[in-house]
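Position in the sequence shown (first residue = 1) + 208 = our numbering. Ideal Cβ positions, reconstructed from N, Cα and C, are used throughout, including at glycine. Computed from a predicted model, the values in this text were never measured in an experiment.
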Amino acid sequence: MHKARGLLIAALAALPLPAAAQTAASSTTSEASEPMAVPAGYRQVWADEFDRPGAPDPAKWRYDTSRNKAGWYNNELQYYAADRPENVRIEKGHLVIEARKERLADKPDFGGQDYASGKLVTAGIAEWTYGFVEVRARLACGRGVWPAIWMLGIDGKAGWPALGEIDIMEHVGWDEGRVHGTIHTKAYNHAIHTQRGANTLLADACTAFHTYQLDWTNDRILIGVDGRAFMRFDNDHKRDSATWPFDKPQYLILNVAVGGWGGQKGIDDDAFPSRMDVDFVRVWQAPTPR
């Protein structure tokens, strides 16, 4: 347990996070349109309803601040604060992750960033192999802002992208209302322009809550919103981790980045503060893996 957690923390410091780019359907990914719901027989194994005001529950979440000093990947420009209610808090039954135009130069791990935000992970606390995930959220918006709901593998030896990444929802502020679902593996990832994914339009993603969903089994990954899938990635069952590393545990991540993919068309400083509100996070699994 302790050794695995040490590898995980080392991996967090070495990964390009998050690792998404614009995506398109491919031969191994279909732009799905099929119903999504918690499968019969599944049981809820983890949840956070955010019904206690204050800081996030440390028994469920921890802050990822691992790259503040060195700078975050993808040319991101934010500093991720820990235990700072201006950036991460629970209020009125919602988790709030708020990106702000401010320099936290008094922090010992400050890396010169002009923006501060928050990133929560379940790494080292809760990880899952297969299951059904729902996150109900209202997205942070504005040119330069990049909210994400996603998952990463915990195998610190494999490294990114071999350990696998599942992007349940990403939204870039310069393309308001378009949400993306993507997977990254050693064979399929944005670094070599082979990532697999699709997107869908939600005109009110910035003003209304929507339920972002993942249905992950041994045979395929479905990503959708409000009960309808828009992306499907099938397991080719070649027992090849380069194409399907998704038979090992992954942990959940919620964050609002600034810059990176979200900053490809510049940053509108008038958009700040910009916040993602999360109503709930729920995870179900089958009694036996599927």
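Extent of the continuous beta strand (DSSP E) run through residue i
| i | result |
| --- | --- |
| residue 404 | 404-409 |
| residue 269 | Taken as a continuous stretch (DSSP letters only), residue 269 belongs to no beta strand (DSSP E), as it is neither H nor E. |
| residue 282 | It is not in any beta strand (DSSP E) - residue 282 carries neither H nor E in the DSSP assignment. |
| residue 302 | 302-307 |
| residue 464 | 458-466 |
| residue 251 | 251-256 |
| residue 354 | 353-361 |
| residue 492 | 482-493 |
Proximity to residue i [Cα-Cα], best of the options
| i | options | result |
| --- | --- | --- |
| residue 411 | 428, 381, 404, 401 | 381 |
| residue 243 | 337, 431, 314, 470 | 431 |
| residue 322 | 255, 398, 297, 481 | 481 |
| residue 486 | 272, 271, 347, 309 | 347 |
| residue 303 | 405, 248, 281, 343 | 343 |
| residue 274 | 317, 371, 415 | 317 |
| residue 438 | 447, 295, 408, 384 | 408 |
| residue 278 | 320, 269, 307 | 320 |
| residue 290 | 299, 325, 284 | 325 |
| residue 434 | 420, 447, 294 | 420 |
| residue 259 | 283, 495, 297 | 297 |
| residue 282 | 472, 495, 490 | 472 |
| residue 383 | 474, 250, 496 | 474 |
| residue 375 | 404, 292, 366 | 404 |
| residue 415 | 385, 443, 436, 395 | 385 |
Residue burial classification, residue i (beta-carbon count within 10 angstroms, cutoff 16)
| i | result |
| --- | --- |
| residue 427 | exposed |
| residue 478 | exposed |
| residue 400 | exposed |
| residue 252 | exposed |
| residue 398 | buried |
| residue 483 | buried |
| residue 264 | buried |
| residue 373 | buried |
| residue 241 | exposed |
| residue 390 | buried |
| residue 248 | exposed |
| residue 301 | exposed |
| residue 314 | exposed |
| residue 448 | exposed |
| residue 467 | buried |
| residue 406 | buried |
| residue 245 | exposed |
| residue 364 | buried |
| residue 335 | buried |
| residue 257 | exposed |
Proximity of residue i and residue j at Cβ, strictly below 8 angstroms
| i | j | result |
| --- | --- | --- |
| residue 454 | residue 424 | yes |
| residue 462 | residue 328 | yes |
| residue 353 | residue 470 | yes |
| residue 422 | residue 340 | yes |
| residue 393 | residue 450 | yes |
| residue 445 | residue 413 | no |
| residue 377 | residue 458 | no |
| residue 441 | residue 255 | no |
| residue 464 | residue 333 | no |
| residue 270 | residue 331 | yes |
| residue 185 | residue 361 | The displayed coordinates of the chain run from 209 to 498. Any statement about residue 185 would go beyond what the structure contains. |
| residue 345 | residue 417 | yes |
| residue 299 | residue 261 | yes |
| residue 503 | residue 350 | The question about residue 503 has no answer here: the residues shown for the chain are numbered 209 through 498. |
Would you mind listing the alpha helix (DSSP H) stretches within the segment 368-441 that are 4+ residues and don't spill past its ends, in chain order? Scanning the segment 368-441 from its first residue to its last, no whole alpha helix (DSSP H) run of 4-plus residues comes out.
Write down every uninterrupted run of the beta strand (DSSP E) in the segment 288-348 whose length is 3 residues or greater and which is fully enclosed by it, in chain order. Annotation note: the segment 288-348 contains the following uninterrupted beta strand (DSSP E) runs of length 3 or greater, listed N- to C-terminal: 296-299, 302-307, 323-325, 327-329, 339-346.
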